[in-house]
Amino acid sequence: MVAVQETVERVRRIDVDQYRYGFETLIESDKAPKGLSEDTVRFISAKKNEPAWMLEWRLEAYRRWLTMTEPTWARVDYPKIDYQDIYYYAAPKPKKTLSSTDEIDPEILKTYEKLGIPLREVAILEGVEPPPGGPQTPNRKIAVDAVFDSVSVATTFQKELKAAGVIFMPISEAIREHPELVQKYLGTVVPTSDNYFATLNSAVFSDGSFVYVPPGVRCPMELSTYFRINERNTGQFERTLIIADKGSYVSYLEGCTAPQRDENQLHAAVVELVTLDDAEIKYSTVQNWYPGNSEGKGGIYNFVTKRGDCRGKNSKISWTQVETGSAITWKYPSCILRGDNSSGEFYSIAISNGFQQVDSGTKMIHLAKNTSSRIISKGIAAGKSQNTYRGLVSAHRKATGARNYTACDSLLIGDKCGAHTVPYVEAKNSSATFEHEATTSKISEDVLFYCLQRGLSEQQAIGLVVNGFAKDVLQKLPMEFAVEAQKLISISLEGSVG
Amino acid sequence: MTLLEIRDLHVGVDSREIIRGLDLMVNAGEVHAIMGPNGSGKSTLSHVIAGKPGYEVTGGQILFRGEDLLEMEPNERAAKGVFLAFQYPVEIPGVTTMNFLRTALNAQRKARGRGEFSTPEFLKKVREVAESLNIPRDMLKRGVNVGFSGGEKKRNEILQMALFEPSLCILDEIDSGLDIDALRIVASGINGLRSPERAMIVITHYQRLLHYIVPDYVHVMSKGRVVKSGGKELALELEACGYGQFETAA
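If you read the protein sequences in the order shown, they are chains A and B. Just so you know, our numbering puts 64 at position 64 of the first sequence, and the rest follows in order with no gaps. Just add 1000 to the spot in the second sequence (first one is 1) and you have our numbering.
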């Protein structure tokens, strides 16, 4: 049909070179020698002034990594990664030791300003209005930990958080200052032997955030980490560990961007969450790594292991993610429901355009009684991209009364892209109730024409339809991110048909 | 003043000619009814005026206030004042009707060089119009046309027509799927929008609609052409004798 042919033509002319965060900061950096060896691991550990136990932990991971092979089961296709051709550590050269955010290198401050991330302790992000009818909180605060290449450059609001008893600091500092907590929890959710990329991360991780919320404390503000890869040929291997002790609550946001470069860059992060009895962690991500250009050149390889352990009874972990960037995404934020009555949630919007490949989803592992989980996944594929949802829901034989609800919806824009749903369901307990729903739809020519006839541009029309499609998930985001995410969705689909 | 002028229009779909030399002239303030059997090209005509992709114009011209309409994108035509009330309005899940109306209205106002409505101004206006069309407020909070009955969908079309203040309204079988009560409401909404500056093209199979929306002119289409034009009495003649006589004439 003529109409379809026209869309095909338009999609062919696709241009994803609209990445707004593709600039580079010119700053001198201190790098480890290229390549990976025991010496690299020792170099990183020494740079961080780590205690001996940490170095041992890393070396053990490194030795295990040497025996492992890269996984190939995901529906992604990329040239072989040369792990010896990567810098595993890069840090902006500090002019002197910092005591407050006022002393950060102005170049870095400027970078974060350009990205819209407040490193100075400002009370509120611009353009954020309180929700209609919701509580009026004009002085909402967000504490930010900014990670630039391999190091954390600033963490704001430390004093206020400290007063509440919350520990929020770069993990490299936590290893030195709170070794008992780090040793107790690090690697207990994602063991060093877990998978190829997580093991690599365990050997070479350089920084990331550490959060500990003491019993009964509701963290007084949103915590946020902003990851930025700047240096060329550098991998970013951050490690995040969040512990919500009994009866506590914390909401954590994560954002990421990188400069536009022709070569691919590796990002292999590990995030571990632990909730004890009656605690709750809400973890949100807006992932906007550089996706590569219109020919599929460049972009970030995002191989990430994120897992939460609902260790205590009645505890809850909720993952919300908006994935728009990266050339390759390999990511399955999961929940282990170990405590009785614990619950896990996964809300995801994954958008792919151009030549992006996304293989993402979740695992909900029901181990204890009356555990429940909920999965809402919205995949949006445009251009020549491939978008796969891969999810596992399993009930252990002791998981009496386990319940899961899964809804996976895919939306296709144009006919050169693909959406795939690969659900795995295992119930070893006959009382488990698992529901799965999946739909695939297309933005039809009729819907586009209807919107255009009402005066919307094609761009506005697609933005509107996609935001409508993803609404259930957008509503789960903290307000600050919901605003950003809506804009991001429209931006990342620019050029998908027009 | 001549609003719309169609000269010797030829339109094809998949290399099959649907409209074969059509002429039509519509002045501001006039209501034209276009009648004809299935497959005569009525809906195609409305789509081509509004700019729906998938049609190939192989000859002729469509001028809107003297400007070449065929050179414009559908949203540019909308901004110029061309409005099409769809026979089958689409559903847009997750986008509330209110949000859709507001986004569209502001896009048109912007294109016309007018300022965007403030939220209170907009709400006031929508509520006024909605009330006159018997549209409950709750409907405005639902997804665009999602779960709407046939009558609600058509009322939603008229609501948009009233909000966007177009100068040319094309109503494509606005009566299809409506019971008599719904038809009355829709027709009175349309009649309320008749004005000396605005023209309407009412496309229908049946005379029934024209009892409620009384046209100035009636055109009979058959096989892609206007085969007969006349006053409102032509519709009555059609009702009595059917389209058969024109099928052979064409």
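The beta-carbon is built from N, C-alpha and C at its ideal position, and this holds for glycine as well. Values in this document were obtained by computation on a predicted structure and should not be read as measured data.
Determine the direct distance from the alpha carbon of residue j to that of residue i, and round the result to whole angstroms.
i	j	result
ASN314 of chain A	SER352 of chain A	36 Å
LEU1178 of chain B	ARG454 of chain A	23 Å
ARG390 of chain A	LEU337 of chain A	19 Å
GLY1113 of chain B	LEU1003 of chain B	21 Å
GLU121 of chain A	TRP319 of chain A	With a pLDDT of 49 at GLU121 of chain A, under the threshold of 50, the predicted position of this residue should be treated as unreliable, though the coordinate-derived value follows. GLU121 of chain A and TRP319 of chain A: Cα-Cα distance of roughly 26 Å.
ALA269 of chain A	ALA174 of chain A	18 Å
GLY1244 of chain B	LEU1238 of chain B	9 Å
ARG307 of chain A	LEU66 of chain A	23 Å
TYR249 of chain A	ASN1134 of chain B	47 Å
GLY1151 of chain B	PRO1089 of chain B	11 Å
GLN460 of chain A	LEU452 of chain A	9 Å
HIS436 of chain A	HIS1032 of chain B	52 Å
ASP1014 of chain B	LYS1052 of chain B	14 Å
ARG176 of chain A	ALA198 of chain A	22 Å
SER1045 of chain B	LEU412 of chain A	In the sequence as presented, Ser is not what sits at residue 1045 of chain B; that position holds Leu. Between LEU1045 of chain B and LEU412 of chain A, the C-alpha separation is close to 30 Å.
MET1098 of chain B	LYS1154 of chain B	16 Å
ALA1078 of chain B	ALA1050 of chain B	8 Å
ALA485 of chain A	TYR424 of chain A	29 Å
LEU200 of chain A	ASP472 of chain A	35 Å
MET1035 of chain B	LEU1069 of chain B	23 Å
ASN1145 of chain B	SER1176 of chain B	16 Å
Any beta-carbon of chain B closer than 8 Å to the one on residue i?
i	result
GLY379 of chain A	no
ALA482 of chain A	no
GLN453 of chain A	yes
VAL447 of chain A	yes
GLU129 of chain A	Only weak support is given to the placement of GLU129 of chain A: the predicted model assigns it a pLDDT of 36, under 50, and the value that follows is read from those uncertain coordinates. GLU129 of chain A does not count as touching chain B.
SER490 of chain A	no
LEU98 of chain A	Residue placement at LEU98 of chain A is poorly supported in this model, since its pLDDT is 48, which falls under 50; the coordinates are not used for a value here.
GLN326 of chain A	Residue identity check: residue 326 of chain A is Ser in the sequence provided, not Gln. With 8 Å as the cut-off, SER326 of chain A does not count as an interface residue toward chain B.
GLN460 of chain A	yes
GLY468 of chain A	yes
SER465 of chain A	According to the sequence shown, residue 465 of chain A is Val rather than Ser. Closer than 8 Å: yes.
GLY134 of chain A	Bear in mind that a pLDDT of 39 at GLY134 of chain A, under 50, signals an unreliable position, so the model cannot answer this.
GLN486 of chain A	no
TYR450 of chain A	yes
SER457 of chain A	yes
With a threshold of 8 Å between beta-carbons, can residue i be considered close to chain A, or not?
i	result
LYS1052 of chain B	yes
GLY1189 of chain B	no
GLY1177 of chain B	no
GLN1087 of chain B	no
ALA1162 of chain B	no
GLY1244 of chain B	no
PHE1100 of chain B	yes
VAL1095 of chain B	yes
ALA1199 of chain B	no
VAL1126 of chain B	no
THR1103 of chain B	yes
Is the beta carbon of residue j closer than 8 Å to that of residue i?
i	j	result
ASN370 of chain A	ASN341 of chain A	yes
GLY296 of chain A	GLN265 of chain A	no
LYS416 of chain A	LYS384 of chain A	yes
THR40 of chain A	VAL204 of chain A	yes
PHE1164 of chain B	ASN1156 of chain B	no
TYR332 of chain A	SER373 of chain A	no
PHE210 of chain A	PRO170 of chain A	yes
PRO291 of chain A	GLY354 of chain A	yes
ILE1158 of chain B	ILE1190 of chain B	yes
GLU272 of chain A	VAL166 of chain A	no
LYS34 of chain A	ILE86 of chain A	yes
ALA470 of chain A	ILE489 of chain A	yes
For residue i, which option in the options has the closest C-alpha, if you only look at C-alpha atoms?
i	options	result
LEU1084 of chain B	B:GLY1039, B:LEU1236, B:ASP1172	B:ASP1172
SER1056 of chain B	B:ALA1107, B:ARG1016, B:SER1167, B:MET1200	Inspection of the sequence shows that residue 1056 of chain B is occupied by Glu rather than by Ser. Considering only alpha carbons, the answer is B:ARG1016.
GLU1131 of chain B	B:ILE1185, B:GLU1030, B:SER1176	B:ILE1185
PRO1093 of chain B	A:ALA74, A:ILE491, A:ASP409, A:THR275	A:ASP409
LEU1193 of chain B	B:SER1176, B:ARG1208, B:SER1167	B:SER1167
VAL1202 of chain B	B:PRO1215, B:GLU1067, B:GLY1143	B:PRO1215
Ordered list of beta strand (DSSP E) runs contained in the stretch 1091-1157 of chain B, each at least 3 residues: 1092-1096
List in chain order: all unbroken beta strand (DSSP E) runs of 3+ residues lying wholly within the stretch 377-420 of chain A. 386-395, 403-412
What residue ranges within the stretch 25-51 of chain A form continuous alpha helix (DSSP H) runs of no fewer than 4 residues, ordered along the chain? 38-47
What alpha helix (DSSP H) runs, 4 residues minimum, are completely inside the stretch 1163-1219 of chain B? 1180-1192, 1208-1212
Secondary structure, beta strand (DSSP E): runs of 3+ residues fully inside the stretch 190-235 of chain A: 209-213, 222-228
Residue ranges of each beta strand (DSSP E) run of no fewer than 3 residues wholly in the stretch 289-321 of chain A, ordered along the chain? With a minimum length of 3 residues, the continuous beta strand (DSSP E) runs that stay inside the stretch 289-321 of chain A are 299-310.
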